[in-house]
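Engineer: Pasting in a structure now, in structure tokens, and then I'll have a few things to ask.
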Amino acid sequence: MNQSFARQTLRQRLRPWFEGFDVPLVGAIALLCACGLLAMYSAGFDHGTRFVDHARNMLLAGLILFMVAQVPPQRLMALAVPLYTFGVLLLVATALFGVTKKGATRWLNVGVVIQPSEILKIATPLMLAWWFQRREGRAHVRHFVIAGVLLLLPFALIAKQPDLGTAILVLSAGFFVIFFAGLSWRLIVPVAAIGAIGVIALVLAGPTLCEPGVDWVVLHDYQKNRVCTLLDPSKDPLGKGFHILQGMIAIGSGGVTGKGFMKGTQTHLEFIPERTTDFIFAAYAEEFGLIGALVLLAGFSFLILRGLAISFAAPSVFSRLLGGAITMSFFTYAMVNMGMVSGILPVVGVPLPFVSYGGTAMVMLGLSLGILMSISRSRGLMQR
43 MNQSFARQTL
53 RQRLRPWFEG
63 FDVPLVGAIA
73 LLCACGLLAM
83 YSAGFDHGTR
93 FVDHARNMLL
103 AGLILFMVAQ
113 VPPQRLMALA
123 VPLYTFGVLL
133 LVATALFGVT
143 KKGATRWLNV
153 GVVIQPSEIL
163 KIATPLMLAW
173 WFQRREGRAH
183 VRHFVIAGVL
193 LLLPFALIAK
203 QPDLGTAILV
213 LSAGFFVIFF
223 AGLSWRLIVP
233 VAAIGAIGVI
243 ALVLAGPTLC
253 EPGVDWVVLH
263 DYQKNRVCTL
273 LDPSKDPLGK
283 GFHILQGMIA
293 IGSGGVTGKG
303 FMKGTQTHLE
313 FIPERTTDFI
323 FAAYAEEFGL
333 IGALVLLAGF
343 SFLILRGLAI
353 SFAAPSVFSR
363 LLGGAITMSF
373 FTYAMVNMGM
383 VSGILPVVGV
393 PLPFVSYGGT
403 AMVMLGLSLG
413 ILMSISRSRG
423 LMQR
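The opening position of the sequence shown corresponds to residue 43 in this note's numbering, with each subsequent residue numbered one higher.
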């Protein structure tokens with residue numbers, strides 16, 4: 043056995059570690075990483091070590107992707123209940139003993155300061171996928187109700203911190219699991235209709251509702267201000283509306299072909315706030331224009347389509363639901379980030395995957411892609 047192993051080439055020894063890796067998915071990841079590195083080099087070259095740190099975070103995410111891809115989905119399923127329970131307990135502990143910064147209690151000091159809500163981005167869809175796997179072929183209304191409770195519990199705890207951006211991401215990831223599990227359109231359509239009516243009513247009544255002293259009851263003052271700023275950012279162009287207006291100016295000034303790499307005036311004259319994190323898409327669009335934005339959108343679109351193809355061909359209910367939810371989470375991230383930078387959605391602090399700076403976000407990205415690759419590998423190995 044040892045002599046046989048010794049006669050193997052390095053390629054033969056490494057081959058089992060990479061068997062089943064989805065090459066088209068790797069291609070989409072490489073394209074998005076390239077766009078992210080270009081954007082970060084330009085936007086963050088005078089931000090100390092932002093570019094180097096971003097590249098390091100990408101390498102770390104790649105290592106996490108590779109390691110998680112070696113773990114079969116069945117073993118990931120065994121982590122669902124303990125990880126979800128642990129995450130919820132940390133959220134409760136954060137509410138009771140958390141660290142408060144700028145009016146938000148989102149962090150917990152356990153020797154090091156952590157943000158427990160990040161765990162729920164993976165733990166929630168993992169738990170719900172496990173829940174429906176256990177009820178394969180016999181899911182009833184009560185099972186969907188319980189799934190809703192499992193989803194709303196972390197959502198409510200995170201929204202109360204308050205951290206509406208992360209709460210929306212957790213809610214969307216969990217909702218996609220429930221949707222793919224067979225949630226009836228008869229329940230979805232009325233809720234969607236009510237939401238559309240609410241948005242129209244908000245737009246029409248915005249001038250009245252946004253008057254000083256009007257209490258929205260269900261939202262904090264800063265959340266009300268974000269919605270009102272979205273409806274009319276020009277009302278306070280040097281204050282609350284500054285972020286949105288500068289983002290829109292940068293994107294519009296890029297035109298079709300952009301101003302050129304490292305030539306973005308809005309970016310380098312520091313008119314764009316948070317240009318290496320939440321608003322990096324504005325800096326990217328200014329320099330690479332509509333064509334660059336379409337390349338980025340094409341990369342995300344292909345990543346999402348490929349992820350859905352991998353998920354729908356998965357061998358188990360758990361893998362299909364988890365893979366589908368993780369894939370659609372990329373859609374949520376990209377849509378919310380680009381929407382808020384473009385002035386279509388309120389600013390909620392959601393990073394753009396592969397592009398925005400952030401160590402924790404990149405680690406979660408590597409973990410999510412690793413799970414997708416694990417699902418792809420499990421399908422390929424079963425077909426052998």
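All residues carry an ideal CB built from backbone N, CA and C; glycine is no exception.
Compute the Euclidean distance between the alpha carbons of K282 and N267, then round it to the nearest angstrom.
Structural biologist: Distance between the alpha carbons of K282 and N267: 8 Å.
Engineer: Starting from the C-beta of L336, find all residues in its chain whose C-beta is less than 8 Å away, skip the five residues before and the five after it, and write them out in chain order.
Structural biologist: So the list is empty, once near-sequence residues are dropped.
Engineer: Alpha carbon to alpha carbon, how far is L423 from T402?
Structural biologist: With a pLDDT of only 49 at L423, under the threshold of 50, the placement of this residue in the model should not be trusted; the figure read from the coordinates follows. If you take the alpha carbons of L423 and T402, they lie about 31 Å apart.
Engineer: Using the Cβ count rule (16 or more neighbours within 10 Å means buried), how would you classify V94?
Structural biologist: It is exposed - the Cβ of V94 has fewer than 16 other Cβ atoms within 10 Å.
Engineer: Just how far apart, CA to CA, sit Q308 and I161?
Structural biologist: Spanning the two alpha carbons is a distance of roughly 35 Å.
Engineer: To the nearest angstrom, report how far apart I106 and P254 are at their CA atoms.
Structural biologist: Approximately 48 Å between the Cα atoms of the pair.
Engineer: Take K163 and list the residues in its own chain whose beta-carbon comes closer than 7 Å to its own, dropping the five residues that flank it on each side.
Structural biologist: Once the five neighbours on either side are set aside, the close Cβ partners of K163 are L211, V212, A215, M406.
Engineer: Write down every uninterrupted run of the beta strand (DSSP E) in the region 119–199 whose length is 3 residues or greater and which is fully enclosed by it, in chain order.
Structural biologist: You should have 141–143, 146–151.
Engineer: Where do the N-terminal and C-terminal ends of the alpha helix (DSSP H) with V383 fall, by residue?
Structural biologist: First-last of the alpha helix (DSSP H) with V383: 359–383.
Engineer: What's the gap between the Cα of L101 and the Cα of S420?
Structural biologist: One C-alpha to the other measures close to 24 Å.
Engineer: List the endpoints of the continuous alpha helix (DSSP H) containing F313.
Structural biologist: It is not in any alpha helix (DSSP H) - F313 carries neither H nor E in the DSSP assignment.
Engineer: Taking contact to mean 3 or more Cβ pairs, one atom from each stretch, closer than 8 Å, check whether the region 257–266 and the region 292–302 are in contact.
Structural biologist: With a cut-off of 8 Å, the region 292–302 and the region 257–266 do not count as touching, because too few Cβ pairs lie within range.
Engineer: Got a sec, what are the start and stop residues for the alpha helix (DSSP H) Q203 sits in?
Structural biologist: That residue, Q203, is in no alpha helix (DSSP H); it is neither H nor E in DSSP.
Engineer: Taking the C-alpha atoms as reference points, what is the distance between N379 and A324?
Structural biologist: Cα-Cα distance, rounded: 10 Å.
Engineer: Would you give the residue range spanned by the alpha helix (DSSP H) that T271 belongs to?
Structural biologist: First-last of the alpha helix (DSSP H) with T271: 263–273.
Engineer: Would you report the Cα separation of A201 and T208, rounded to the nearest angstrom?
Structural biologist: Computed Cα separation, rounded: 8 Å.
Engineer: Within a Cβ cutoff of 6 Å, which residues of the same chain sit near M370, ignoring the five residues on either side of it in sequence?
Structural biologist: Closer than 6 Å at the Cβ level, and outside the excluded window around M370, lie F218.
Engineer: Distance check for I352 and G86, CA to CA, integer angstroms please.
Structural biologist: G86 and I352: Cα-Cα distance of roughly 35 Å.
Engineer: Determine the contact status of F360 and P115, defining contact as a CB-CB distance below 8 Å.
Structural biologist: The answer is yes: Cβ separation under 8 Å.
Engineer: Please identify the residue among V269, G331, V134, S418 whose C-alpha is closest to the C-alpha of C252.
Structural biologist: Ranking the options by Cα distance to C252, first place goes to V269.
Engineer: Within 10 angstroms of its Cβ, does A27 collect 16 or more other Cβ (buried), or is it exposed?
Structural biologist: Examination of residue 27 is not possible in this model, given that the chain is present from 43 through 426 alone.
Engineer: Compare the beta carbon distance of A165 and F174 with 8 Å and say whether it is the shorter of the two.
Structural biologist: In this structure, F174 does not lie closer than 8 Å to A165 by Cβ.
Engineer: Is W172 buried or exposed, if buried means 16 or more other CB atoms sit within 10 Å of its CB?
Structural biologist: Label assigned to W172: buried.
Engineer: Would D168 pass as a contact of I220 if the rule is Cβ separation under 8 Å?
Structural biologist: The identity of residue 168 in the sequence shown is Leu, whereas the question assumes Asp. Their beta carbons are not under 8 Å apart, which means L168 does not touch I220 by this criterion.
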